[in-house]
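When the count follows UniProt numbering, it moves up by one through the sequence shown with no breaks and lands on 169 for the last residue.
Glycine included, every Cβ here is placed at the ideal spot set by N, Cα and C.
Since the structure is predicted, the reported quantities are computational estimates derived from the model, not experimental observations.
Notes follow once the structure below has been shown.
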Amino acid sequence: MGQVLDRFQDKKWRESKMRKITDKAFEGLQSKEETAPLRIEDLYIAVLLVYNDINKHLPGPHFDPPSRDRVEQVMKECDVNPDGKIDREEFHEFIKKMTEDTFTRISQGLIVTLIVTPMVALATMRALEGLPGSIGKIAQKVPKSLYVSLVTLAIVALRNWMQRIFYNN
1 MGQVLDRFQD
11 KKWRESKMRK
21 ITDKAFEGLQ
31 SKEETAPLRI
41 EDLYIAVLLV
51 YNDINKHLPG
61 PHFDPPSRDR
71 VEQVMKECDV
81 NPDGKIDREE
91 FHEFIKKMTE
101 DTFTRISQGL
111 IVTLIVTPMV
121 ALATMRALEG
131 LPGSIGKIAQ
141 KVPKSLYVSL
151 VTLAIVALRN
161 WMQRIFYNN
């Protein structure tokens, strides 16, 4: 579990994942029109592609992409050298600004899953241990770490299953 938490705290790891996503989107745009400046339509398509990847590969609910007006506003902010073109570095900053809120919400969901869920599992285990009969005896014999891990995995699996049902229909 420590390795998982280290990964979420490691800024370089997050930055490299974000760089992969933005490079993929940028190269997709460049293959269409290599010398033309990236127009607002191209950038909006890129944002849609990035949000598609976010929704496919990162945990959490479905995230709607920002509006076209928001894309235009952020494009103006990120065009550092006001040449009307967005280069690779400007594009990376553009996507970073477009997805800030989304990554914050994903991080909060992971904190709840990885910290709150084990605490709730421990509380339920203590309650089960106090029950009379075989349930209480079994709960007393099961190692706490195993029980907490199983409950956490079950909740994560249930959450993923529910997201697939509700967001893929």
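Nearest-angstrom Cα separation, counted from Leu114 out to Val120: Their backbone Cα atoms lie some 11 Å apart in a straight line.
The region 122-132 touching the region 99-106, judged by at least three CB pairs closer than 8 Å: Taking a cut-off of 8 Å for Cβ pairs, the region 122-132 and the region 99-106 do not touch, as fewer than three such pairs fall below it.
Nonlocal neighbours in the same chain, by C-beta distance under 7 Å from Val156, ignoring five residues either side: Taken in chain order, the residues that qualify are Thr113.
C-alpha distance - Leu29 paired with Val116, whole-angstrom precision: Rounded to whole angstroms, the gap between the alpha carbons of Leu29 and Val116 is 41 Å.
Cβ pair count under 8 Å reaching 3, the region 91-100 against the region 15-24: Counting C-beta pairs closer than 8 Å gives three or more between the region 91-100 and the region 15-24, which meets the contact rule.
Pick from Trp13, Leu49 and Ser16 that is closest to Ala27, judged by C-alpha positions: Note that residue 27 is Glu in the sequence shown here, rather than Ala. Ranking the options by Cα distance to Glu27, first place goes to Leu49.
Delimiting residues of the alpha helix (DSSP H) encompassing Ile40: Its alpha helix (DSSP H) spans residues Ile40 to His57.
Buried/exposed call for Ala46, threshold 16 Cβ in 10 Å: Counting C-beta atoms within 10 angstroms of its own C-beta, Ala46 has 16 or more neighbours from the protein chains shown and is therefore classed as buried.
Nearest-angstrom Cα separation, counted from Arg68 out to Ile165: Rounded to the nearest angstrom, the gap between the Cα atoms of Ile165 and Arg68 is 28 Å.
Alpha-carbon to alpha-carbon, Ile95 and Ala123: If you draw a straight line from the Cα of Ala123 to the Cα of Ile95, it comes to about 41 Å.
N- and C-terminal bounds of the alpha helix (DSSP H) containing Ile135: Note, Ile135: alpha helix (DSSP H), Ser134 to Lys141.
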